[in-house]
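**Q** My structure is below; once you've seen it, I'll send some questions.
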Amino acid sequence: MNFGSVLVLSTVLNETVFSEFVVLYSYSTLINIILTTVFSAPILVFGIKKWDSEKYNYLSVNIICFTIFNIVFSIISFFFLRIQVTQIFLLNFLLMNFGLTLVEIFKRFIFSNKVISTGFAPVSSLLMNIVFFSGIYVYKDALSLNLILVVYWVAYLLASLFFVIIIYYKTDIKKELSVLSIFNKDFYTSVFFTHFKYAKWILAGAVSFWVYTQGIYIFWQSFWRI
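Written out as structure tokens, the structure reads:
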């Protein structure tokens with residue numbers, strides 16, 4: 131949906147709004163690179179290799195860790211973003227970033243652990259696309275950056291909710307999920323550092339590529355305006 135959504139928005143937004151959207155989307159891309167690399171991609175390896183016996187606790191702890199880091203990175207990015215883009219709400223920006231990575235976490239979890247049919251992944255993508263493009267079409271004559279963000283996060287979170295419902299009703303999560311594990315500090319530490327050690331060089335390369343292709347211009351523009 132990412133490329134398609136930007137392409138569609140380029141046809142319905144005026145030049146000023148679209149240029150601001152591109153800046154906003156660049157920040158969101160950076161956050162998504164960091165969060166996906168650390169919290170989503172490693173699931174394909176460790177979801178089945180290390181934590182298969184407690185996969186639902188692993189999923190829950192990973193989502194909680196990701197949520198905390200999403201809040202932190204979104205707030206830090208918003209400090210620079212608001213210098214370049216006006217009239218956007220932090221909550222909308224945060225929820226868009228949250229939904230974007232959360233969908234990827236669920237997809238990689240079901241591909242790794244096979245707890246439900248992988249056929250549900252394209253269904254969630256279809257739902258996400260229908261909601262997003264329908265929202266853009268309905269509000270095309272009144273689109274603002276905040277409204278675009280709302281359409282994004284509603285689409286992402288509905289797709290995530292779809293996964294939650296399917297996992298809840300089609301797996302043994304109610305029996306296997308342990309509250310003690312979810313509140314176990316050592317479990318959080320183990321999940322985070324295992325993921326980080328696995329992903330650190332991939333993360334360094336991905337962030338460096340973003341800085342080289344987008345970040346230099348984005349941050350230069352930000353500091354210039356300060």
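Going by this note's numbering, the first residue of the sequence shown is number 131, and it counts up by one from there. By construction, the Cβ of each residue, glycine as well, lies at the ideal position given by its N, Cα and C atoms.
#1: How is the alpha helix (DSSP H) around glutamine 344 delimited, first residue to last?
#2: To the nearest angstrom, how far is the alpha carbon of threonine 146 from that of threonine 197?
#3: Check whether the Cβ atoms of valine 233 and tyrosine 286 lie closer than 7 angstroms to each other.
#4: In three-state DSSP terms, what is isoleucine 164?
#5: For glycine 229, report the span of its alpha helix (DSSP H) as first-last.
#6: Measuring alpha carbon to alpha carbon, tell me which residue in Gly249, Asn200, Thr324, Gly229 is nearest leucine 279.
#7: Using 7 angstroms as the threshold, is the C-beta distance between serine 170 and arginine 238 below it?
#8: Out of Lys180, Trp181, Leu154, point me to the one whose CA is closest to phenylalanine 223's CA.
#9: Thinking C-beta only, is tyrosine 282 closer than 7 angstroms to methionine 226?
#10: Counting only the same chain and skipping the five closest in sequence on each side, list residues whose C-beta sits under 7 angstroms from that of leucine 256.
#11: Could you tell me how far apart the beta carbons of valine 142 and lysine 270 are, in whole angstroms, since I believe they sit closer than 8 angstroms?
#12: Between the C-alpha atoms of lysine 304 and isoleucine 297, what's the straight-line distance to the nearest angstrom?
#13: Contact between the region 206-220 and the region 325-337: three or more CB pairs below 8 angstroms?
**A** In short:
#1: Counting along the chain, glutamine 344 sits inside no alpha helix (DSSP H), nor does DSSP assign it H or E at all.
#2: It is roughly 32 angstroms from the alpha-carbon of threonine 146 to the alpha-carbon of threonine 197.
#3: Taking C-beta atoms as the reference points, valine 233 and tyrosine 286 count as a pair closer than 7 angstroms.
#4: Residue state for isoleucine 164 is assigned as helix, using DSSP reduced to three classes.
#5: Start and end: 220-243.
#6: With distances taken between Cα atoms, leucine 279 lies closest to Gly229.
#7: The beta carbons of serine 170 and arginine 238 sit closer together than 7 angstroms.
#8: Per the C-alpha coordinates, the member of Lys180, Trp181, Leu154 positioned closest to phenylalanine 223 is Leu154.
#9: Their beta carbons are under 7 angstroms apart, which means methionine 226 touches tyrosine 282 by this criterion.
#10: Within its own chain, no residue has a Cβ closer than 7 angstroms to the Cβ of leucine 256 once the five positions on either side in sequence are excluded.
#11: Contact flag correct, Cβ pair sits at about 5 angstroms.
#12: One C-alpha to the other measures close to 10 angstroms.
#13: Touching, no.
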